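Visitor:
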Amino acid sequence: MLNIDKNNIYQDLEAIKQSLYNPFPYRDTDKIQNDFISEFSKADTLTADLNTYWMNIAGSLSYVLKGRANRMPQEQKDWLHLSFFEVFQQYSFFEESISNYPEFYREYINYEKTRKLLLTYQL
59 MLNIDKNNIY QDLEAIKQSL YNPFPYRDTD KIQNDFISEF SKADTLTADL NTYWMNIAGS
119 LSYVLKGRAN RMPQEQKDWL HLSFFEVFQQ YSFFEESISN YPEFYREYIN YEKTRKLLLT
179 YQL
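Letter by letter, the sequence shown follows residues 59 to 181 of my numbering.
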């Protein structure tokens, strides 16, 4: 039964792969930074941090789909256990508002779904 579930999850991961190749939601990240301007520090780089986090998920997906999950670096695996807002806690102030930014929200949910499928697949 576990193998069937793992095969189904693998198929879900294959299917979701294409949806990760959308343009980065710059308009929404710019709007978030503008809407919460007083909350951001000069050192915060939301776009770069999101890109780093999402590329970790996309890269992890690549390892799995190529049958090389066992070669994935431990730090990369560790990040999969944490949401963006857990890794980058400095942005927690807008976590409850993400649905107000549709492009960002759609991408965020897509990557979260992928992240959770990857975790389930690797169990």
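Glycine included, every Cβ here is placed at the ideal spot set by N, Cα and C. The structure displayed is predicted, hence computed values, not measured ones.
Just the Cα atoms here: how many angstroms apart are Phe-162 and Phe-152?
Guide: Approximately 12 angstroms, taken between the alpha carbons.
Visitor: With DSSP run on the structure shown, which of helix, strand or coil describes Asp-102?
Guide: Residue state, collapsed to three classes: coil.
Visitor: Which residues mark the beginning and the end of the alpha helix (DSSP H) in which Glu-144 is found?
Guide: Element bounds for Glu-144: 142 to 145.
Visitor: In the DSSP assignment, find the unbroken alpha helix (DSSP H) run with Pro-160 in it and report its ends.
Guide: 160 to 180 is the extent of the alpha helix (DSSP H) around Pro-160.
Visitor: Should Phe-123 go down as buried or exposed, given a rule of 16 or more other Cβ atoms within 10 Å for buried?
Guide: The question names Phe, yet the displayed sequence has Leu at residue 123. Flag for Leu-123 reads exposed.
Visitor: Between the Cα of Tyr-79 and the Cα atoms of Arg-126, Thr-87, Arg-164, which residue gives the shortest distance?
Guide: Nearest option by C-alpha distance: Arg-164.
Visitor: How long is the line joining the alpha carbons of Gly-125 and Glu-144, rounded to whole angstroms?
Guide: Taking the straight line joining both Cα atoms gives about 28 angstroms.
Visitor: Could you check which residue in Tyr-166, Tyr-149, Ser-150 has the C-alpha nearest to that of Ser-157?
Guide: Per the Cα distances, Tyr-166.
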